[in-house]
Amino acid sequence: MESSNVTRVRMVQFQKNTDEPMGITLKVTEQGKCLVARILHGGMIHRQGTLHVGDEIREINGVNVSNQTVDNLQRLLREARGNVSLKIVPSHRNSPAQCEIYVRALFDYNPEDDDLIPCSQAGVSFRVGDVLQIISKDDSNWWQAKKVGTSPNSTDPAGLIPSPELQEWRTTVSSREKLKENAVHCSWFGKKKKDKYLAKHNSIFDQLDLVTYEEVVKLPAFMRKTLVLLGAHGVGRRHIKNTLITSHPERFAYPIPHTTRAPKENETNGKNYFFVTHEQMMKDIANNEYLEYGTHDDAMYGTKLETIRQIHVRSQMAILDVEPQALKILRTAEFAPYVVFIAAPRIFEILPHHKSKDVNDVSLEKLATESDLLEKAYGHYFDLKIVNNDIEETIRTLEQAIDEVCSSPQWVPVSWVY
1 MESSNVTRVR MVQFQKNTDE PMGITLKVTE QGKCLVARIL HGGMIHRQGT LHVGDEIREI
61 NGVNVSNQTV DNLQRLLREA RGNVSLKIVP SHRNSPAQCE IYVRALFDYN PEDDDLIPCS
121 QAGVSFRVGD VLQIISKDDS NWWQAKKVGT SPNSTDPAGL IPSPELQEWR TTVSSREKLK
181 ENAVHCSWFG KKKKDKYLAK HNSIFDQLDL VTYEEVVKLP AFMRKTLVLL GAHGVGRRHI
241 KNTLITSHPE RFAYPIPHTT RAPKENETNG KNYFFVTHEQ MMKDIANNEY LEYGTHDDAM
301 YGTKLETIRQ IHVRSQMAIL DVEPQALKIL RTAEFAPYVV FIAAPRIFEI LPHHKSKDVN
361 DVSLEKLATE SDLLEKAYGH YFDLKIVNND IEETIRTLEQ AIDEVCSSPQ WVPVSWVY
């Protein structure tokens with residue numbers, strides 16, 4: 001018999017006396033063979049080095065496993081106790097090189113709610129903003145990762161998270177389904193006048209790129225250069241900005257805007273505004289020298305990037321209350337922003353403080369609606385969220401947060417460093 005036709009079978013034995021999962025997932029081929037699909041980093045099998053990805057398992061404790069479902073096989077392994085023996089046909093594949101990068105999650109994930117995950121018990125749940133250590137990207141759909149917590153040397157095993165490609169596909173499919181549902185609803189209520197405010201914001205949000213993870217790196221404590229205040233119009237950002245500058249003029253400053261309107265009597269160029277011609281402003285806009293600009297009463301107003309840079313030169317933190325689209329320009333190492341979302345207070349938290357129990361403030365409802373829309377669309381960019389129930393408390397919380405972030409190691413986008 002030729003050696004190429006010989007199947008090399010070996011026995012693997014180990015003790016399993018606890019409820020600790022073995023840290024492997026299985027798959028069944030079309031031929032009914034049970035293969036090791038992945039080995040979770042830091043799990044029992046990974047620590048022992050007894051199995052490898054691609055190994056075929058023929059028996060578990062003497063039980064033939066061919067033509068069984070993955071669920072039954074995973075259950076056999078999970079319930080096994082004492083001396084566990086596996087009869088395997090070793091794979092000749094080389095183990096993939098370990099990958100260790102860090103990412104910030106830009107969406108919430110719960111494996112218990114995921115119908116696609118091979119084994120929900122092997123999944124890692126996380127929230128927007130959590131930092132994950134990616135251990136393996138060997139599987140194009142399911143990465144192995146560990147959530148970075150307070151103990152960086154944690155020996156907890158890695159678990160499964162959806163890869164960016166899988167999550168983007170899932171998001172795209174979900175968006176298409178929602179569009180179909182909306183089309184059905186519109187056919188029933190087509191004559192109902194749509195809220196212009198919601199329509200405007202939804203059109204902006206629909207243009208957003210799909211987001212999943214952002215690669216990050218940990219840096220020693222450093223001073224953020226820019227404080228970006230995001231929030232619904234009327235939530236109190238201007239008051240917060242003015243209070244910070246008045247209380248700490250040596251630390252904070254606001255970039256003086258440029259305008260094409262004529263100076264009023266006693267107005268000095270460079271004090272409250274920089275006055276420029278319409279032609280000069282249009283030229284500078286064409287050269288991408290403005291962060292934001294707009295028109296009011298037939299005059300143009302805008303914030304020039306160079307005015308922000310000049311604040312940094314003076315070793316001050318520039319405070320900006322801008323539209324969230326400006327983050328595409330600001331989220332760079334040059335501006336190193338600390339992005340704070342000032343959320344609208346909940347109506348049910350405000351109404352009990354009113355003398356009248358019949359208060360039905362439409363403006364408060366609209367403020368809360370805009371706030372929710374902004375958070376839903378841009379929440380993955382926020383470094384901090386403060387619900388503005390009390391303006392003075394909000395300012396104190398913000399001051400403490402800035403002191404803390406500038407004196408502690410920070411996770412920042414890898415693009416800020418490399």
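Going by full-length UniProt numbering, the first residue of the sequence shown is number 1, and it counts up by one from there.
Glycine included, C-beta positions come from ideal geometry on N, C-alpha and C.
CA-to-CA distance, residue j to residue i, given in whole angstroms
i: residue 47; j: residue 385; result: 40 Å
i: residue 264; j: residue 274; result: 12 Å
i: residue 16; j: residue 318; result: 58 Å
i: residue 26; j: residue 122; result: 11 Å
i: residue 128; j: residue 400; result: 22 Å
i: residue 306; j: residue 282; result: 16 Å
i: residue 134; j: residue 252; result: 37 Å
i: residue 368; j: residue 343; result: 8 Å
i: residue 160; j: residue 144; result: 5 Å
i: residue 139; j: residue 163; result: 8 Å
i: residue 120; j: residue 169; result: 19 Å
i: residue 266; j: residue 272; result: 11 Å
i: residue 76; j: residue 45; result: 15 Å
i: residue 148; j: residue 310; result: 37 Å
Beta-carbon separation (whole angstroms), residue i vs residue j, contact threshold 8 Å
i: residue 286; j: residue 260; result: About 15 Å separates the two Cβ atoms, so there is no contact after all.
i: residue 130; j: residue 158; result: Not confirmed; about 14 Å, so no contact.
i: residue 345; j: residue 288; result: Contact doesn't hold; Cβ gap of about 37 Å is too wide.
i: residue 125; j: residue 232; result: Wrong, their Cβ atoms sit about 30 Å apart, outside the cutoff.
i: residue 216; j: residue 411; result: 5 Å
i: residue 212; j: residue 167; result: 5 Å
i: residue 378; j: residue 230; result: 7 Å
i: residue 374; j: residue 329; result: About 18 Å separates the two Cβ atoms, so there is no contact after all.
i: residue 58; j: residue 28; result: 13 Å between Cβ atoms; not a contact.
i: residue 409; j: residue 331; result: Not quite, the Cβ-Cβ distance comes to about 19 Å (not below 8 Å), so this is no contact.
i: residue 24; j: residue 39; result: 5 Å
i: residue 406; j: residue 262; result: So it is not a contact: roughly 41 Å between Cβ atoms.
Burial state of residue i, where buried means 16 or more other Cβ atoms lie within 10 Å
i: residue 321; result: buried
i: residue 218; result: exposed
i: residue 418; result: exposed
i: residue 82; result: exposed
i: residue 175; result: exposed
i: residue 111; result: buried
i: residue 116; result: exposed
i: residue 363; result: exposed
i: residue 55; result: buried
i: residue 13; result: exposed
i: residue 103; result: buried
i: residue 325; result: exposed
i: residue 31; result: exposed
i: residue 11; result: exposed
i: residue 247; result: exposed
i: residue 376; result: exposed
i: residue 280; result: exposed
i: residue 249; result: exposed
i: residue 41; result: buried
i: residue 340; result: buried
DSSP state of residue i mapped onto helix, strand, coil
i: residue 378; result: helix
i: residue 262; result: coil
i: residue 56; result: strand
i: residue 68; result: coil
i: residue 10; result: strand
i: residue 106; result: coil
i: residue 76; result: helix
i: residue 328; result: helix
i: residue 171; result: helix
i: residue 51; result: coil
i: residue 89; result: strand
i: residue 195; result: Low per-residue confidence applies at residue 195: pLDDT is 42, beneath 50, and the placement is therefore not dependable enough to give any value.
i: residue 313; result: helix
i: residue 342; result: strand
i: residue 116; result: coil
Would you mind listing the alpha helix (DSSP H) stretches within the stretch 209-248 that are 4+ residues and don't spill past its ends, in chain order? Runs found: 237-247.
Sequence ranges, beta strand (DSSP E) only - wholly within the stretch 383-414, length at least 3: List check, beta strand (DSSP E) in window: 384-387 and 410-413.
Please go through the stretch 272-308 and give each complete alpha helix (DSSP H) segment of 4 or more residues, from N-terminal end onward. Whole alpha helix (DSSP H) segments, 4+ residues: 278-286.
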